[in-house]
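S.K.: Pasting a structure here, questions to come.
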Amino acid sequence: MTFNAKPVQLTTRSGLELQVRLATPEDASTLTDLFRSITQEDLRFRFLTGLNAIGADQIKAMTSGDDSNTENYLVFLANGTVVATGMLVCDATGKRGEVAISVHGEHHDEGIGWTLLAFLADRATARGLSVIESIENRGNRAAIQVERDSGFVVEPLPGDATLVLVRKTLTPA
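Going left to right, the sequence shown walks through residues 2 to 174 as this note's numbering numbers them.
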């Protein structure tokens with residue numbers, strides 16, 4: 002199922018109005034700028050490495066639209082400021098998806114991550130996925146709490162005591 006690239010209007014629990022749309026190749030510089038405003042800790046949590054910057058190849062993969070199993074979204078405030086990005090990557094069977102979200106460092110605690118996670122779960126359901134997951138660093142307590150509040154179950158990740166697997170079973174549309 003292909004998602005219409007037309008922006009979708011979302012509202013956070015606090016009433017903040019957001020516009021969400023698929024990233025395109027023309028968004029490479031916008032996404033690069035966004036990742037420059039993501040805290041180093043959040044970059045480490047998102048990519049599970051000590052990255053200081055996101056490379057051009059990673060940006061290209063997030064904006065190319067070449068892979069029908071990957072959807073990367075940009076989130077904008079009403080004034081056009083980009084404040085977050087969220088990715089849904091589906092497995093080859095079309096049953097499982099992985100989600101990853103990054104929120105601008107100055108826009109934490111505004112409900113953006115929670116709202117974007119709900120949007121990605123809806124997208125996964127619309128695609129017919131049965132489960133969405135994310136691998137989280139145990140230290141990423143804020144994200145893990147958002148995921149728990151959103152119905153995810155947290156499990157140890159075998160083989161790595163520093164990571165957990167968060168998983169949500171989806172109800173078919």
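The beta carbon of each residue, even a glycine, is placed where N, CA and C say it ideally should be. Computed from a prediction, not measured in an experiment: that's the story for all the values here.
What are the residues that DSSP puts in a beta bridge with Pro-157?
M.R.: As a first step, residue 157 must be located in the sequence shown, where it is residue number 156. Answer is Val-165, bridged to Pro-157.
S.K.: Assign Val-154 to buried or exposed, taking buried as 16 or more other Cβ atoms, counted over all protein chains shown, within 10 Å of its Cβ.
M.R.: To locate residue 154, count along the sequence shown from 1; it is residue 153. Counting Cβ neighbours within 10 Å, Val-154 comes out exposed, since fewer than 16 surround it.
S.K.: Can you list, in chain order, the residues of its chain with a C-beta nearer than 6 Å to that of Leu-19? Leave out the 5 residues immediately preceding and following it.
M.R.: Walking along the sequence shown from the start, residue 19 turns up at place 18. Hits under 6 Å: Leu-11, Val-76.
S.K.: Cα-Cα, which of Lys-7, Leu-17, Leu-166 is closest to Gly-98?
M.R.: Taking the sequence shown and counting its residues from 1, the one referred to as residue 98 is at position 97. When each option's Cα is compared against that of Gly-98, the closest is Leu-166.
S.K.: By Cβ distance below 8 Å, which residues in the same chain neighbour Leu-158 in space, the five residues on each side in sequence not counted?
M.R.: In the sequence shown, counting from the first residue as 1, residue 158 sits at position 157. Once the five neighbours on either side are set aside, the close Cβ partners of Leu-158 are Ile-136, Leu-164, Val-165, Leu-166.
S.K.: Spatial neighbours of Phe-120 within its chain, please: CB distance less than 8 Å, with the 5 preceding and 5 following residues excluded, ordered by chain position.
M.R.: If you number the sequence shown from 1, residue 120 lands on position 119. Once the five neighbours on either side are set aside, the close Cβ partners of Phe-120 are Val-9, Leu-11, Val-21, Tyr-74, Gly-87.
S.K.: Identify, in the order they occur along the chain, each residue of the same chain with its Cβ nearer than 7 Å to the Cβ of Gly-129, setting aside the five sequence neighbours on each side.
M.R.: Mapped onto the sequence shown, residue 129 falls at position 128. For Gly-129, where only same-chain residues beyond five positions count, the Cβ hits under 7 Å are Gly-95.
S.K.: Taking only heavy atoms of the ligand ZN into account, decide whether any of them is closer than 7 Å to the Cβ of Arg-142.
M.R.: Absent from the structure shown: the ligand ZN. Ligands present: none.
S.K.: Taking all protein chains shown into account, do 16 or more other C-beta atoms lie within 10 angstroms of the C-beta of Asn-141, making it buried, or fewer, making it exposed?
M.R.: By one-based count along the sequence shown, residue 141 stands at place 140. Buried: at least 16 other Cβ atoms inside 10 Å.
S.K.: Please report the straight-line C-alpha distance between Ile-39 and Pro-173, rounded to a whole angstrom.
M.R.: Taking the sequence shown and counting its residues from 1, the one referred to as residue 39 is at position 38. Taking the sequence shown and counting its residues from 1, the one referred to as residue 173 is at position 172. Distance between the alpha carbons of Ile-39 and Pro-173: 34 Å.
S.K.: Find out if the Cβ-Cβ distance for the pair Arg-14, Trp-115 is shorter than 8 Å.
M.R.: Taking the sequence shown and counting its residues from 1, one reaches residue 14 at position 13. Taking the sequence shown and counting its residues from 1, one reaches residue 115 at position 114. Cβ distance < 8 Å, so Arg-14 and Trp-115 count as in contact.
S.K.: Rounded to the nearest angstrom, how far is the Cβ of Val-84 from that of Ile-113, given a contact under 8 Å?
M.R.: Taking the sequence shown and counting its residues from 1, one reaches residue 84 at position 83. Taking the sequence shown and counting its residues from 1, one reaches residue 113 at position 112. Correct: roughly 6 Å between the Cβ atoms.
S.K.: Enumerated in chain order, which unbroken segments of the alpha helix (DSSP H) with a length of 4 residues or greater are wholly contained in the region 70 to 127?
M.R.: If we require 4 residues or more, the alpha helix (DSSP H) runs fully inside the region 70 to 127 come out as 113 to 127.
S.K.: Does DSSP classify Leu-32 as helix, strand or coil?
M.R.: Here the question's residue 32 lines up with position 31 in the sequence shown. Three-state result, Leu-32: helix.
S.K.: Buried or exposed for Asp-110, please, with buried defined as at least 16 other CB atoms from any protein chain shown within 10 angstroms of its CB.
M.R.: Taking the first residue of the sequence shown as position 1, residue 110 is located at position 109. Classification for Asp-110: exposed.
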